[in-house]
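Taking the numbering used here, the leading residue of the sequence shown gets 20, the next gets one more, and so forth.
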Amino acid sequence: MNSPVYRFAPSPNGHLHLGHAYSAILNDEAAKQNGGRFLLRIEDIDTIRCTPQLQEDMLEDLKWLGLHWETPVRKQSEHFSEYTKALAQLEAMGLVYKAYLTRAQIKRFFAEQDASDTPWPRDPDGAPLYPGDDNVLSVQEQQAFQNSAAPYALRLNMAKAIELAGSALSWNEAHQGKIQADPAAWGDVVLARKDTPTSYHLSVVVDDSLQGITHVLRGKDLYHATSVHRLLQTLLDLPEPHYEHHDLILDETGRKLAKSAKDTSLRELRASGATPLQIREELGL
């Protein structure tokens, strides 16, 4: 039997906080306890916000915590061709389409729907589902977009994808057993954009397969996204890892920590004199 393989896959678009430390340590400890391997993956498909300096800072923070991982470290920005290949497979199945709606058009459509008696459905994260160009644009407007150099997103035709993959999708969740997947709850998710050859959903399943990840241990904020990942794994004939979604580290108001909210970073805690042992104690580890 092959050894289990765990991974921690942060995005260097800001400094790591306690929530990242918790997830990284859990994966490192799980690998050690189960005689497995611990990998680090840099999810830097956003080449504008994910800077070399932030990546360097992130590696420094993780080493300060006492973590060790195999090298070389996989950087998504160095593997765009592999995501493009996976996208081409889905396109060959007739599952991908160009979506041209601008953010302003989408926002206006949702506002109109919410003001009616039938609010537009939302995904598990609370964002409205993509309405489809046909519901917002006239035939002439769609043709104008298609004949121009306008930006677009490449979206998955969710209904057709589920029809092809089958509706009996599930995953094995640690301590819970078999979970029925519901990818339809996410609508037509983005797989890539005109100026970005992949999205999180597509790159994560490709990376986990190519790296031989057997155990995905990540935060509960990604629990429902597993439905989309299982759908893509099935369509692309990729292996299914074991999943476990751990509790999130929250602030005093009950909100999950986030880089975008400028929550206290590990670097700030280090500068204030905190030690790796104190960090682990604060996290209950």
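No residue lacks a Cβ here, since even glycine has one placed at the ideal position from N, Cα and C.
(message) For Leu269 and His34, what's the separation of their Cα atoms in angstroms?
(response) Counting from one through the sequence shown, the residue named residue 269 turns up at place 250. Counting from one through the sequence shown, the residue named residue 34 turns up at place 15. When rounded, the distance between both Cα atoms is 17 Å.
(request) Spatial neighbours of Pro143 within its chain, please: CB distance less than 6 Å, with the 5 preceding and 5 following residues excluded, ordered by chain position. (result) Position 124 of the sequence shown, counted from the first residue, corresponds to residue 143. Ala204, His243, listed in sequence order.
(request) For Gly238, name the three-state secondary structure that DSSP assigns. (result) As a first step, residue 238 must be located in the sequence shown, where it is residue number 219. Three-state result, Gly238: strand.
(message) For Ala277 and Ser284, I'd like the C-alpha separation in whole angstroms.
(response) Position 258 of the sequence shown, counted from the start, is the residue given in the question as residue 277. Position 265 of the sequence shown, counted from the start, is the residue given in the question as residue 284. Straight-line Cα distance between these residues: approximately 10 Å.
(message) Going residue by residue through the stretch 114-200, where are the continuous alpha helix (DSSP H) segments of at least 4 residues, counting only ones entirely within it?
(response) 122-133, 158-165, 177-184
(request) Go ahead and pull the three-state DSSP assignment for Glu287. (result) For the purposes of this step, residue 287 is identified with residue 268 of the sequence shown, where counting begins at 1. Of the three classes helix, strand and coil, the one that applies to Glu287 here is helix, per DSSP.
(request) Starting from Leu210, trace the beta strand (DSSP E) both ways and give me its first and last residue. (result) Within the sequence shown, residue 210 is the residue found at index 191, counting from 1. From DSSP, the beta strand (DSSP E) with Leu210 extends over 209-212.
(message) Check for me: the beta strand (DSSP E) holding Val24 runs from which residue to which?
(response) One-based indexing of the sequence shown puts residue 24 at position 5. Val24 -> beta strand (DSSP E) spans 24-27.
(message) Is it buried or exposed, Ser222, if we count other Cβ atoms within 10 angstroms and call 16 or more buried?
(response) Stepping through the sequence shown from its first residue, residue 222 is reached at position 203. With 16 or more Cβ atoms within 10 Å of its Cβ, Ser222 is classed as buried.
(request) Give the straight-line distance between the Cα atoms of Ala28 and Asp227, rounded to the nearest whole angstrom. (result) Here residue 28 refers to the residue found at position 9 when the sequence shown is read from its first residue. Here residue 227 refers to the residue found at position 208 when the sequence shown is read from its first residue. Rounded to the nearest angstrom, the two C-alpha atoms are 10 Å apart.
(request) Consult DSSP for Thr215 and reduce its assignment to one of helix, strand or coil. (result) Position 196 of the sequence shown holds residue 215. Residue state, collapsed to three classes: strand.
(message) Alpha carbons only, please: which of Gln108, Ala123, Pro140, Glu263 is nearest the one belonging to Lys197?
(response) The count along the sequence shown starts at 1 and reaches residue 197 at position 178. Here the closest residue by C-alpha is Glu263.
(request) Helix, strand or coil for Leu250, going by three-state DSSP, please let me know. (result) Residue numbering aside, residue 250 sits at position 231 when the sequence shown is read from its first letter. Here Leu250 sits in helix by DSSP.
(request) Give the DSSP bridge partners of Tyr262, in chain order. (result) As a first step, residue 262 is located in the sequence shown; it is residue number 243 there, counting from the start. Beta-bridge pairing links Tyr262 to Glu192, Val235.
(request) Identify whether His39 lies in helix, strand or coil by the three-state DSSP scheme. (result) The residue you call residue 39 lines up with position 20 of the sequence shown. Helix at His39.
(request) Inspect the beta-carbon positions of Glu259 and Arg249 and report whether they are closer than 8 Å. (result) As a position in the sequence shown, residue 259 is number 240, starting the count at 1. As a position in the sequence shown, residue 249 is number 230, starting the count at 1. The answer is yes: Cβ separation under 8 Å.
(message) Could you tell me the alpha carbon to alpha carbon distance between Leu257 and Val224, rounded to whole angstroms?
(response) As a first step, residue 257 must be located in the sequence shown, where it is residue number 238. As a first step, residue 224 must be located in the sequence shown, where it is residue number 205. Taking the straight line joining both Cα atoms gives about 8 Å.
(request) Would you tell me roughly how many angstroms separate the C-alpha atoms of Asp214 and Tyr116, rounded to the nearest one? (result) By one-based count along the sequence shown, residue 214 stands at place 195. By one-based count along the sequence shown, residue 116 stands at place 97. Cα-Cα distance, rounded: 15 Å.
(message) Is the separation between the beta-carbon of Pro31 and that of Ile64 shorter than 8 Å?
(response) Locating residue 31 in the sequence shown gives position 12, where the first residue counts as 1. Locating residue 64 in the sequence shown gives position 45, where the first residue counts as 1. In this structure, Ile64 does not lie closer than 8 Å to Pro31 by Cβ.
(request) Assuming Asn46 and Arg26 form a contact by the criterion Cβ under 8 Å, report the distance between their Cβ atoms to the nearest whole angstrom. (result) As a working note, residue 46 is residue 27 in the sequence shown. As a working note, residue 26 is residue 7 in the sequence shown. Asn46 to Arg26, Cβ: 7 Å. Contact.
(message) Beta-carbon within less than 6 Å of Pro140's beta-carbon, same chain only, minus the 5 sequence neighbours each way: which residues are those?
(response) On the sequence shown, residue 140 is found 121 positions in, with the first residue counted as 1. Only Leu148 meet the Cβ criterion.
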